[in-house]
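Since the structure comes first, as structure tokens, the remarks are kept for the end.
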Amino acid sequence: MMEERMGDCWSYTKDQFDNLEKHTQSGIEFVERYTKFVKERSEIEINYAKQIRNLSKKYQPKKNSREEEENKYTSCRAFLSTLNELNDYAGQHEVIAENLTSQIIAELSRYLTELKAERKSHFHDGRKAQQHIESSWKQLEASKRRFERDCKEADRAQQYFERMDADINVTKADVEKARQQAQMRHQMAADSKTEYSNFLTKFNQEQNEHYHTLIPNIFQKLQEMEERRIERVGMSMKTYAEVDREVLPIVGKCLDGMTKAAESIEPKTDSKQVVESYKSGFEPPGEVEFEDYGPGQSMKRTVSETSLSNSRGEAKERPSGGKSKGKLWPFIKNKNKLSLKLGSGPEDFSHLPPEQRRKKLQAKIDDFNKDIQKEMDQKDALTKMKGVYEKNPQMGDPASVDPRLVEIAMNIEKIQSEVQKFEGWLAEVEGRLPSKSDPPRRQSGLYETQNSNSTTVGNNCAQDRESSPDGSYTEEQSSETQVKVAIANTPEFDDEFDDGDEETLPTIGTCKAIYQFEGNTPLTGHNEGTISVTEGELLYVIEEDKGDGWTRVRRNEEEEGYVPTSYVEVFLEPNAKERL
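In our numbering, the protein residues as written are 551 to 1130.
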């Protein structure tokens, strides 16, 4: 019975260890699963922030583009502010991902390593204690069986001695020998009894310690370990929520910024900007005079019965006004895109309406003034440096600064000459702009033309009207003819229009700049038609060297020019020769 009870206890203890081992393993797997969940959430936040940043970058206005010019409108500035706030909003999602990684994922990963090591240690101690008590039990059983065997041997030796002692036929020596053998067996049984008693006492002590001290302590440690694990998971879940809560104030500020940007939109201000941007400065036409019909006289015909524009032949001065100025009527389509395209045309912007021309000239003068100020600052700095060198020759040679000062003085002189030239054009424009007190005049043509061309233009108009099938002359035909006449009498227009009409050359290869080359600049004016390159820059080849030592290259859609062939390393495409 005792053995059965002991077997049941050991089996029960082993089963408990197995159950606890399974439970703690499932607890570790739960922590690993939760860690994986937080890691995937962090990756989602990073990807979301990246997509938001890319979206914000995609809709940012491009430099030197129409979108950048539109930033003067409040609606466009509000949209730009929204994009900037959206970029900050994406940054908060990156903060969430970083905090999840550092405060939860990294901590739980480190804790999992410690948890697995602690769990392994506790179960190792439990198995060791179980093996020790089982070993003690086996020793007790062995001593018990040995005691039982020795007792039986002593009984048999005693019985044999008694038979020998009662037998009269046995010699005295044999009886003595049987007696000694019986005494020896009794002594061995006594020793086995003592050993069995000692093992039993020891086993009972170890068993008591095993079931009341060792195993309970191990179970207690496993319980505490499990409770710490559960508590750690709960703290991680709380941190998970706090990470989101910490960024809410900044996210709220981002949303407030978007709302404030939307509220800053002013439709009236934007419409005034449009008016200011496209205000032409042309005078409104005067009243149409009555023309009587008389014998032998023909009445003047207009350009078109459906057009409000005056006849192109009407280039003479009217009594009520000075020179005849060309103008564009609102809502009339003009096909001469070259002369009306903003940002292109002659240097003095004479292709633009007066008000737009004035703004362009003023902006150019402002840019020149800024350049002059930069040069002046450099001049002052170099002058101070020269003074320091003169006082302390050991710091440097004062004469080494003179070439740079001469260069800056020349630059300032060139820029000032440009300023004077543009100020002259600006004064001309401001002198021609009409005032509110000026009487209205009836004007003809598209742009201002010289008086010497008026008669020729009128004759051309008459010929065109006669050649028209229906006897009428359209506004578009008149506009094109007058622009051609104006261009023919304006030499500086030739290059601009030739460049505008020139077909874009295809790319026939690439090249890499071996040396730096200073091309055409607005200040120096030398190397006209060339383009500046820096060492190591990659460019597109659009025309190879024709034997004159120059190669034509392109940087982008708007920048192209010639560079010395010896300054670049050319890589032509295989089929470039066939295309050429």
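Where is the CB? At the ideal position from N, CA and C, for every residue including glycine.
Reduced DSSP secondary structure (H/G/I, E/B, other) of Y1112: strand
I'd like the ranges of any beta strand (DSSP E) spanning at least 3 consecutive residues and lying wholly in the segment 628-711. none
Check whether G676 and F753 have beta carbons under 9 Å apart: no
Using only CA atoms, which one of S814, L570, Q823, N942 lies nearest to R669? L570
Measuring alpha carbon to alpha carbon, tell me which of P1056, P948, G946, M714 ends up nearest E1093. P1056
Please state whether the Cβ-Cβ distance between N597 and V793 is less than 9 Å. no
When the Cα atoms are used, what is the spatial distance from L1089 to R583? 54 Å
Member of R627, L633, A628, E593 whose CA lies at the smallest distance from the CA of K607: L633
How many Å lie between K883 and Y623 at the Cα? A caution first: K883 carries a pLDDT of 48, below 50, which makes its placement in the model unreliable, though a value can still be read off. Going by the C-alpha atoms only, they are around 26 Å apart.
H1076 by DSSP, collapsed to three states: which one? Confidence at H1076 is low in this model, with a pLDDT of 47, below 50, so the placement of that residue is unreliable and no value is reported for it.
Taking the continuous beta strand (DSSP E) assigned at F1121, which residues delimit it? 1118-1122
Report the option in K936, R1104, Q970 whose CA atom is closest to the CA atom of R954. K936
Based on Cα-Cα distance, which residue from T1101, K1096, P766, R795 lies nearest to I1081? T1101
Among all the DSSP beta bridges, which residues are the ones paired with Y1065? None; Y1065 has no bridge partner.
Taking the alpha-carbon positions, what's the K866 to F840 distance? For K866, the predicted model reports a pLDDT of 39, less than 50, meaning its position is unreliable; a value from the coordinates is still stated below. In a straight line, the C-alpha of K866 is about 18 Å away from that of F840.
Which ranges would you report for the beta strand (DSSP E) in the segment 741-818 if only whole runs of at least 3 residues count? none
Which residues does DSSP pair with G946 in a beta bridge? Per DSSP, none; premise fails for G946.
When the Cα of P611 is compared with those of I602, M808, N621, which residue comes out closest? N621
Straight-line Cα distance separating T574 from D705: 56 Å
Exposed or buried, G1111, counting other C-beta atoms within 10 Å across all chains shown (16 or more means buried)? buried
Do you know whose CA, among F587, E905, E1085, L636, lies nearest C804's CA? L636
Cutting at 7 Å between CB atoms, please list the residues of its own chain near S625, excluding the five before and the five after it. I815, D820
For L1088, write down the residues that DSSP places opposite it in a beta bridge. K1062
Distance, Cα to Cα, N919 vs Y843? 59 Å
With DSSP as the reference, label R1104 as helix, strand or coil. strand
Taking the alpha-carbon of Q653 as reference, which of M785, Y1065, V969 has the nearest alpha-carbon? M785
Contact between the segment 688-700 and the segment 734-748 (3+ Cβ pairs under 8 Å): yes
Whether A728 touches M714 by CB criterion (9 Å): yes
Going by DSSP, which residues form a beta bridge with V979? In the DSSP output, where bridge partners are listed per residue, V979 has none listed.
Answer with buried or exposed for I765, where buried requires no fewer than 16 other C-beta atoms within 10 angstroms of its C-beta. buried
Quick check on this structure: which residue in A707, N767, R782 has the alpha carbon closest to the alpha carbon of T585? R782
Have a look at F580 and G802 and give me their C-alpha separation to the nearest angstrom. 35 Å
Given a threshold of 16 other Cβ atoms within 10 Å of its Cβ, counted over all protein chains shown, does A898 qualify as buried or as exposed? Note on residue identity: the sequence assigns Asp, not Ala, to residue 898. Result: buried.
Measure the alpha-carbon distance for S827 versus N1106 and round it to whole angstroms. 28 Å
Just to confirm the assignment, what range does the alpha helix (DSSP H) spanning G937 have? 904-941
With DSSP collapsed to three states, give me the class of V1083. strand
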